[in-house]
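Undergrad: This structure is in structure tokens; I'll ask about it shortly.
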Amino acid sequence: MTTVGILGGGQLARMIALGGAPLGLRFLVLDSVEDACAGQFAPLLLGDYRDENALAQFSSEVDVATFDFENVPAESAEWLTQFVPVFPNPRALATAQDRLAEKTLFKELGIPVPAFEDITSRADLEAAVEKLGAPCILKTRRLGYDGKGQFRIRDNSPASIEAAWDALGEQAFSTGLILEAFVHFDRELSVVAVRGRNGEFQTWPLTENWHVDGVLSASLAPARVDDALAARAHAYAKSLVEALDYVGVCALELFCKDGELMANELAPRVHNSGHWTIEGSETSQFENHLRAVLGMPLGSTRMLGHACMLNWIGEMPDPTPVLRDACGHWHDYGKQPRAGRKVGHATLRADTPEELSRALERVGGELARKAQVSPVIHALSN
Ligand code: ATP
Ligand code: MG
Ligand code: MG
1 MTTVGILGGG QLARMIALGG APLGLRFLVL DSVEDACAGQ FAPLLLGDYR DENALAQFSS
61 EVDVATFDFE NVPAESAEWL TQFVPVFPNP RALATAQDRL AEKTLFKELG IPVPAFEDIT
121 SRADLEAAVE KLGAPCILKT RRLGYDGKGQ FRIRDNSPAS IEAAWDALGE QAFSTGLILE
181 AFVHFDRELS VVAVRGRNGE FQTWPLTENW HVDGVLSASL APARVDDALA ARAHAYAKSL
241 VEALDYVGVC ALELFCKDGE LMANELAPRV HNSGHWTIEG SETSQFENHL RAVLGMPLGS
301 TRMLGHACML NWIGEMPDPT PVLRDACGHW HDYGKQPRAG RKVGHATLRA DTPEELSRAL
361 ERVGGELARK AQVSPVIHAL SN
């Protein structure tokens, strides 16, 4: 029996394990937290992925290793390659972990990006705000997720620059910093893609995403975009994964403004905006990630109708309205409630956009989630 090792034991590892069960796979999850939610479905090895002893034990028990978290140190991934195949490869992981390296690669490949500047000092920041103009966003180069490690600079006054430096300046030499121009996008899109060990490449239909305070709130697939734009987005993802010799599922996050695309970031793992693929496509992102890292043929990424995923942040709502809806699918990650934490999601899937829209009205109304579902309903009506 093949054992897949996963570094990180959050909801992504949990859904990878659930997705791999029908394939007859076993899993081992390495996490330093005893109540890591993937541990409810897969054996958990308690340990730190920075510790060689923990990594050695992990590698002795698995046939292949992958990640549920992009902030596993690339050095740990590199170290593991002495003993087991690791996918995606550590170089791809290292590139996607660092906003500066990632954006530099986007540019090299001809993928448009918001203007950005490397920031190593307060003087750099002042000069960069002057150059890029306000508003702009100061971000840590590494270790950010769910909008953490970001500070929005509203204007180029000394007070605004001071506030940004107070918030993040001391990280200039730990995580590094980058300043990005603020994009007044019309919408956000993502390409969830998969590449096999033999270079086979597939994408799911483009997904449209809505964020609240930097955290994904809702996703709609397929996105309401024309074929040419979708083809361009898919081509960007293909050139990226080929440049990185990437194996597994990844997501390319994009801003769309006036019909133009700009890349925001590459997530080197299964992605929240691909959760709808569990019920909404022939093969889920989780199963295809496993097929890819194990060198199996990839499954079809064909959509089954139209899907909307709603994220539950902080605490789970009452499941009843979703459970009794013919379009409804419920996912509870078995986590303790905590402000800002992703604790579960629901996917509504229907044969037509109209039917999906009605399901969103019903469920959104019953759960008092009008603000969360309204932008999706609006997109479906256009
Ligand atoms: P995650 O990895 O969880 O997606 P993150 O912490 O890496 O998030 P980003 O993806 O960089 O953060 O930013 C989170 C959200 O903040 C984006 O999806 C977008 O809504 C907004 N945002 C980020 N950068 C910009 C920008 N340059 N212009 C406008 N909005 C932005
Ligand atoms: Mg990110
Ligand atoms: Mg992001």
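Going by UniProt numbering, the sequence shown opens with residue 1, and the numbers climb by one from there.
Using N, Cα and C, we set each Cβ at its ideal position, and we do this for glycine too.
As the structure is a computational prediction, the values presented were derived from the model and not from experiment.
How would you write the range of the beta strand (DSSP E) that T140 sits in, first residue to last?
TA: Counted from its first residue, the sequence shown places residue 140 at position 140. Per DSSP, T140 belongs to the beta strand (DSSP E) from C136 to T140.
Undergrad: How many whole angstroms separate the CB atoms of P268 and P88, which I take to be in contact at a CB cut-off of 8 angstroms?
TA: Taking the sequence shown and counting its residues from 1, the one referred to as residue 268 is at position 268. Taking the sequence shown and counting its residues from 1, the one referred to as residue 88 is at position 88. Contact holds; Cβ gap of about 5 angstroms.
Undergrad: Determine which residues share a DSSP beta bridge with Q202 and list them.
TA: As a first step, residue 202 must be located in the sequence shown, where it is residue number 202. DSSP, once it has assigned bridges, lists V194 as partnering Q202.
Undergrad: Could you tell me which residues DSSP puts in a beta bridge with S281?
TA: Residue numbering aside, residue 281 sits at position 281 when the sequence shown is read from its first letter. S281 pairs with M303.
Undergrad: Report the residue from P222, D166, F151 and A134 whose alpha carbon sits nearest the alpha carbon of H184.
TA: Counting from 1 along the sequence shown, the entry for residue 184 is found at position 184. The option with the nearest alpha carbon to H184 is A134.
Undergrad: Taking the straight line between their C-alpha atoms, what separation do you get for L100 and R91?
TA: Here residue 100 refers to the residue found at position 100 of the sequence shown. Here residue 91 refers to the residue found at position 91 of the sequence shown. Their backbone Cα atoms lie some 14 angstroms apart in a straight line.
Undergrad: For ligand 3, any of its heavy atoms closer than 6 angstroms to the Cβ of E361?
TA: Within the sequence shown, residue 361 is the residue found at index 361, counting from 1. Checking the Cβ of E361 against ligand 3 gives no.
Undergrad: Please classify T175 as buried or exposed, where buried requires at least 16 neighbouring CB atoms within 10 angstroms.
TA: What you label residue 175 is simply residue 175 of the sequence shown in a count that begins at 1. The residue is buried, with at least 16 neighbouring Cβ atoms inside 10 Å.
Undergrad: Can you list, in chain order, the residues of its chain with a C-beta nearer than 8 angstroms to that of P317? Leave out the 5 residues immediately preceding and following it.
TA: The sequence position of residue 317 within the sequence shown is 317, counting from 1. Closer than 8 angstroms at Cβ, skipping near neighbours: L367 and R369.
Undergrad: Is it a yes or a no for the region 267-284 touching the region 55-74, going by three-plus beta-carbon pairs under 8 angstroms?
TA: Contact holds: three or more Cβ-Cβ distances are below 8 angstroms.
Undergrad: According to DSSP, simplified to helix, strand and coil, what is C37?
TA: Sequence index remark: in the sequence shown, residue 37 carries index 37 (1-based). Looking at C37 - three-state DSSP - the assignment turns out to be helix.
Undergrad: Verify the contact flag: E253, CB atom, against every heavy atom of ligand 3, threshold strictly below 6 angstroms.
TA: For this step, residue 253 is matched to residue 253 along the sequence shown. Checking the Cβ of E253 against ligand 3 gives yes.
Undergrad: Select from A38, W79, F27 and R26 the residue whose C-alpha is nearest the C-alpha of D51.
TA: Position 51 of the sequence shown, counting from 1, holds the residue named residue 51. Taking only the C-alpha atoms, the option nearest D51 is W79.
Undergrad: Within 7 angstroms (strictly less), CB to CB, does T320 reach chain B?
TA: Although the question refers to chain B, the structure presented lacks it and comprises just one protein chain.
Undergrad: Any heavy atom of ligand 1 closer than 6 angstroms to the Cβ of F182?
TA: Here residue 182 corresponds to residue number 182 of the sequence shown, with the count starting at 1. Yes.
Undergrad: Just to confirm the assignment, what range does the beta strand (DSSP E) spanning L177 have?
TA: As a first step, residue 177 must be located in the sequence shown, where it is residue number 177. It spans L177 to A181 - the beta strand (DSSP E) in which L177 sits, taken as one unbroken run.
Undergrad: Buried or exposed, going by whether 16 or more other CB atoms sit within 10 Å of the CB of Y145?
TA: Here the question's residue 145 lines up with position 145 in the sequence shown. Flag for Y145 reads exposed.
Undergrad: Report, in whole angstroms, the separation of the C-beta atoms of Q171 and L179, which I expect to be a contact under 8 angstroms.
TA: Locating residue 171 in the sequence shown gives position 171, where the first residue counts as 1. Locating residue 179 in the sequence shown gives position 179, where the first residue counts as 1. The pair is not a contact, with the Cβ atoms about 13 angstroms apart (cut-off 8 angstroms).
Undergrad: DSSP beta-bridge partners for E117?
TA: For the purposes of this step, residue 117 is taken as the residue at position 117 of the sequence shown. The partner list for E117 (beta bridge, DSSP) reads L179.
Undergrad: Which term fits residue 444, buried or exposed, when burial requires 16 or more other beta carbons within 10 angstroms of its beta carbon?
TA: The requested residue 444 is not part of the displayed model; the chain covers only 1 to 382.
Undergrad: DSSP three-state label for R209, please.
TA: In the sequence shown, the residue the question calls residue 209 occupies position 209. The displayed chain sequence assigns Asn, not Arg, to residue 209. Three-state result, N209: strand.
Undergrad: Determine the burial state of Q336: buried for a count of at least 16 other Cβ atoms within 10 Å of its Cβ, exposed for fewer.
TA: Taking the sequence shown and counting its residues from 1, the one referred to as residue 336 is at position 336. Its Cβ having fewer than 16 others within 10 Å, Q336 is exposed.
Undergrad: If you drop the 5 nearest sequence neighbours on each side, which residues of the same chain put their C-beta closer than 6 angstroms to that of H331?
TA: Against the sequence shown, residue 331 aligns to sequence position 331. If we look at H331 and ignore the five residues flanking it on each side, its Cβ neighbours are G344 and H345.
Undergrad: Report back the beta-carbon spacing between A292 and G248 to the nearest angstrom; my notes put them in contact at under 8 angstroms.
TA: Residue numbering aside, residue 292 sits at position 292 when the sequence shown is read from its first letter. Residue numbering aside, residue 248 sits at position 248 when the sequence shown is read from its first letter. With a Cβ gap of about 5 angstroms, A292 and G248 count as contacting.
Undergrad: Is it buried or exposed, F173, if we count other Cβ atoms within 10 angstroms and call 16 or more buried?
TA: For the purposes of this step, residue 173 is taken as the residue at position 173 of the sequence shown. Answer is exposed; the Cβ neighbour count stays below 16.
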